[in-house]
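Down below is the structure, laid out as structure tokens.
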Amino acid sequence: MVDAQYFGDGLTYLNPSDLKGKLIAIEGTDGVGRSTHIEMLQEWLEVQGYGVITTGWTRSNLMSKTIEMAKEGNILDRWSFSLLYATDFADRLEHEIIPALRSGFIVLADRYIYTALARDFVRSGNRQWARDVFGFALVPDLVCYMRIDVETLVLRVIETKGMNFWESGMDLRLGNDLYDSFKKYQSLLIKEFDKMAEEFHFEVIDARKSPDEIQDELRSKIQPLLTTNMRSPALPSDRLIHPA
Amino acid sequence: MSNQPSPLMTPHPYPGKLIIVEGIDGSGKSTQLLLLHKWLESKGHKVFFTEWNSSELVKDTTKRGKKNKSLTPTTFSLLHATDFASRLYHDILPPLKAGMIVLADRYMYTAFARDVVRGVSPEWVRKLYSFAITPDMAFYFKVPIEVAISRLLGGTRGQFKYYEAGMDMNLSPDVTESFRLFQSSILSQYEKIVDEYQLITLDATKDIEAQQNEMRRLVGEALKDYKPRRGTHGRRTVFWRRFDVPKSE
Chain A
1 MVDAQYFGDG LTYLNPSDLK GKLIAIEGTD GVGRSTHIEM LQEWLEVQGY GVITTGWTRS
61 NLMSKTIEMA KEGNILDRWS FSLLYATDFA DRLEHEIIPA LRSGFIVLAD RYIYTALARD
121 FVRSGNRQWA RDVFGFALVP DLVCYMRIDV ETLVLRVIET KGMNFWESGM DLRLGNDLYD
181 SFKKYQSLLI KEFDKMAEEF HFEVIDARKS PDEIQDELRS KIQPLLTTNM RSPALPSDRL
241 IHPA
Chain B
245 MSNQPSPLMT PHPYPGKLII VEGIDGSGKS TQLLLLHKWL ESKGHKVFFT EWNSSELVKD
305 TTKRGKKNKS LTPTTFSLLH ATDFASRLYH DILPPLKAGM IVLADRYMYT AFARDVVRGV
365 SPEWVRKLYS FAITPDMAFY FKVPIEVAIS RLLGGTRGQF KYYEAGMDMN LSPDVTESFR
425 LFQSSILSQY EKIVDEYQLI TLDATKDIEA QQNEMRRLVG EALKDYKPRR GTHGRRTVFW
485 RRFDVPKSE
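Those protein sequences? They're chains A and B, same order as listed. Be aware that the first sequence starts at 1, since it is given in the numbering used here, and climbs by one per residue. Be aware that the second sequence starts at 245, since it is given in the numbering used here, and climbs by one per residue.
Quick look at the structure:
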């Protein structure tokens, strides 16, 4: 990340200029298969000899339990909702993402701040505050947005894990039941993601395709990043000759 | 528009009154607020009290982060903002809407002073709190650092806590010296904030009674036109009696 920069008001006590790794964010609404694809990408990169860490939304040491508790109690107001995510993100940014980038790792982020921005906008109708709050975030080298239409998403979610309270945005009272609410909420999120895709130049990937096609497309978007400003790692053939 | 008033300076639209106190540890602000609370209640007002970093939602998290010393300036700041947001929504706005008086021990100005000393951007932390409402009265208890130190060491606390002394900033291995350096920087931030947000400065080196008399005089003046929403002025017992369980026949 030669030109690493912050989204807005950055971490004044941390200079981002010495970050050698690459930060890749995989965005998309619930149920588009992000985590499966991230696992496959990690495997693909590691086979090529790149160091990889993954980091996931709400998975920080500091906040994961707090966020679960808050969601169980349904006691979130709009501001706490975004601030809890921001705290989780900041903890991971400073303790996981930045140290890894400094050591030259590729960081695969399962969701990034755009998820929080979309969720806050759907709740408040205002974009500025959440963007200010997340000003300390690093701008990723690449954002891949796995896009799906709401009709396909509904079928996929029903077939797999079902709809839950928060993924349905039930706190917003958008519909009379889980199904109606899920559809309306996810449509609003997709609409906002589409807007951000243009504004922030996401690479849009059609998540309705087969898993193999999606994975190939993700790899083709990531490949060009690996050849610029990164030391060429050990050739894959070396690893085959001397297996661990 | 450069002359637009800051959103943090616009009066709130609610019938209640929000009174807050600020100052470094050992300034005596909590004592003064407690005495004000007693006085307001004795006058028959409905008063609600709330303090910094006390919400159920994040209290344990802050405690855990402090204990294992994993908090960074940014997560420290965000956790306190989350606490504030949660209390604003659950504790501060409802009583204000109901026309009550809300007393807050510390408000967003604490974050503007303390988090900036820890190293976050002054602009960022102000934007973070842009959802806050402007207090009707904000008191700043101004005290020299030596007075605060002798009060804290001579008082019940005996020793400074790790984060209170800013030990996370590696200013000095000595806790008292670290406290002195950390809280002195906070004092100079407060000086700027007092001007920026027009806080009312009280001389916190004076006697407790003298400070309290001054505070009561100022609050009394400010409340001259304030009318509690319901006619329960001094008659709370009567109000509750109406809801007694009816006697069985």
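For every residue, glycine included, the Cβ atom is placed at its ideal position computed from N, Cα and C. All values reported here derive from a predicted model rather than from experimental measurement.
Does residue i pass the burial test, meaning 16 or more other C-beta atoms within 10 Å, or should it be called exposed?
{"i": "residue 390 of chain B", "result": "exposed"}
{"i": "residue 442 of chain B", "result": "exposed"}
{"i": "residue 35 of chain A", "result": "exposed"}
{"i": "residue 379 of chain B", "result": "buried"}
{"i": "residue 386 of chain B", "result": "buried"}
{"i": "residue 111 of chain A", "result": "buried"}
{"i": "residue 362 of chain B", "result": "buried"}
{"i": "residue 255 of chain B", "result": "exposed"}
{"i": "residue 60 of chain A", "result": "buried"}
{"i": "residue 405 of chain B", "result": "exposed"}
{"i": "residue 201 of chain A", "result": "exposed"}
{"i": "residue 403 of chain B", "result": "exposed"}
{"i": "residue 455 of chain B", "result": "buried"}
{"i": "residue 169 of chain A", "result": "buried"}
{"i": "residue 260 of chain B", "result": "buried"}
{"i": "residue 436 of chain B", "result": "exposed"}
{"i": "residue 246 of chain B", "result": "Since pLDDT at residue 246 of chain B reaches only 40, below the 50 mark, its modelled position is unreliable, and no value is offered."}
{"i": "residue 427 of chain B", "result": "buried"}
By Cβ distance, which residues of its chain are closer than 6 angstroms to residue i, with the 5 residues on each side in sequence left out?
{"i": "residue 11 of chain A", "result": "136"}
{"i": "residue 411 of chain B", "result": "422"}
{"i": "residue 323 of chain B", "result": "302 and 306"}
{"i": "residue 32 of chain A", "result": "146, 148 and 207"}
{"i": "residue 30 of chain A", "result": "167"}
{"i": "residue 9 of chain A", "result": "135"}
{"i": "residue 274 of chain B", "result": "349"}
Measuring only the C-alpha atoms, how far is residue i from residue j?
{"i": "residue 453 of chain B", "j": "residue 460 of chain B", "result": "10 angstroms"}
{"i": "residue 262 of chain B", "j": "residue 377 of chain B", "result": "9 angstroms"}
{"i": "residue 253 of chain B", "j": "residue 154 of chain A", "result": "46 angstroms"}
{"i": "residue 157 of chain A", "j": "residue 144 of chain A", "result": "21 angstroms"}
{"i": "residue 341 of chain B", "j": "residue 258 of chain B", "result": "5 angstroms"}
{"i": "residue 94 of chain A", "j": "residue 335 of chain B", "result": "32 angstroms"}
{"i": "residue 47 of chain A", "j": "residue 199 of chain A", "result": "34 angstroms"}
{"i": "residue 297 of chain B", "j": "residue 194 of chain A", "result": "38 angstroms"}
{"i": "residue 6 of chain A", "j": "residue 445 of chain B", "result": "37 angstroms"}
{"i": "residue 220 of chain A", "j": "residue 187 of chain A", "result": "28 angstroms"}
{"i": "residue 384 of chain B", "j": "residue 20 of chain A", "result": "46 angstroms"}
{"i": "residue 272 of chain B", "j": "residue 96 of chain A", "result": "40 angstroms"}
{"i": "residue 488 of chain B", "j": "residue 364 of chain B", "result": "For residue 488 of chain B, the pLDDT reaches just 47, beneath the cut-off of 50, and the residue's location in the model is therefore unreliable, leaving the point undetermined."}
{"i": "residue 493 of chain B", "j": "residue 178 of chain A", "result": "With a pLDDT of 41 at residue 493 of chain B, under the threshold of 50, the modelled position of this residue cannot be trusted; read the value that follows with caution. Spanning the two alpha carbons is a distance of roughly 48 angstroms."}
{"i": "residue 366 of chain B", "j": "residue 360 of chain B", "result": "6 angstroms"}
{"i": "residue 118 of chain A", "j": "residue 172 of chain A", "result": "14 angstroms"}
{"i": "residue 343 of chain B", "j": "residue 183 of chain A", "result": "40 angstroms"}
{"i": "residue 439 of chain B", "j": "residue 331 of chain B", "result": "26 angstroms"}
{"i": "residue 413 of chain B", "j": "residue 312 of chain B", "result": "15 angstroms"}
{"i": "residue 227 of chain A", "j": "residue 353 of chain B", "result": "48 angstroms"}
{"i": "residue 471 of chain B", "j": "residue 281 of chain B", "result": "17 angstroms"}
Hey, would you say residue i sits closer than 9 angstroms to residue j, going by beta carbons?
{"i": "residue 267 of chain B", "j": "residue 395 of chain B", "result": "no"}
{"i": "residue 350 of chain B", "j": "residue 408 of chain B", "result": "no"}
{"i": "residue 24 of chain A", "j": "residue 108 of chain A", "result": "yes"}
{"i": "residue 148 of chain A", "j": "residue 28 of chain A", "result": "yes"}
{"i": "residue 293 of chain B", "j": "residue 348 of chain B", "result": "yes"}
{"i": "residue 225 of chain A", "j": "residue 142 of chain A", "result": "yes"}
{"i": "residue 382 of chain B", "j": "residue 434 of chain B", "result": "no"}
{"i": "residue 16 of chain A", "j": "residue 98 of chain A", "result": "yes"}
{"i": "residue 205 of chain A", "j": "residue 217 of chain A", "result": "yes"}
{"i": "residue 467 of chain B", "j": "residue 345 of chain B", "result": "yes"}
{"i": "residue 51 of chain A", "j": "residue 105 of chain A", "result": "yes"}
{"i": "residue 317 of chain B", "j": "residue 13 of chain A", "result": "yes"}
{"i": "residue 64 of chain A", "j": "residue 55 of chain A", "result": "no"}
{"i": "residue 339 of chain B", "j": "residue 290 of chain B", "result": "yes"}
{"i": "residue 133 of chain A", "j": "residue 84 of chain A", "result": "no"}
Taking 8 angstroms as the cut-off, is the CB of residue i close to at least one heavy atom of the ligand ZN?
{"i": "residue 459 of chain B", "result": "Summarising the ligand content, the structure contains no ligands, and the ligand ZN is consequently not present."}
Counting only the same chain and skipping the five closest in sequence on each side, list residues whose C-beta sits under 8 angstroms from that of residue i.
{"i": "residue 80 of chain A", "result": "70"}
{"i": "residue 62 of chain A", "result": "87, 88 and 91"}
{"i": "residue 166 of chain A", "result": "71"}
{"i": "residue 425 of chain B", "result": "410, 415 and 416"}
{"i": "residue 430 of chain B", "result": "268, 357, 358 and 361"}
{"i": "residue 327 of chain B", "result": "296, 297, 298, 299, 301, 302, 303 and 306"}
If you drop the 5 nearest sequence neighbours on each side, which residues of the same chain put their C-beta closer than 7 angstroms to that of residue i?
{"i": "residue 277 of chain B", "result": "265, 347 and 349"}
{"i": "residue 18 of chain A", "result": "102"}
{"i": "residue 475 of chain B", "result": "Per-residue confidence for residue 475 of chain B stands at a pLDDT of 49, beneath the threshold of 50, marking its modelled position as unreliable; no derived number is given."}
Consider the Cβ of residue i: report whether some Cβ of chain D lies at a distance smaller than 9 angstroms.
{"i": "residue 363 of chain B", "result": "Of the chains in the structure shown, none is chain D; the protein chains are A and B."}
Three or more beta-carbon pairs under 8 angstroms between the region 363-375 of chain B and the region 119-139 of chain A, yes or no?
-> Yes, the region 363-375 of chain B touches the region 119-139 of chain A.
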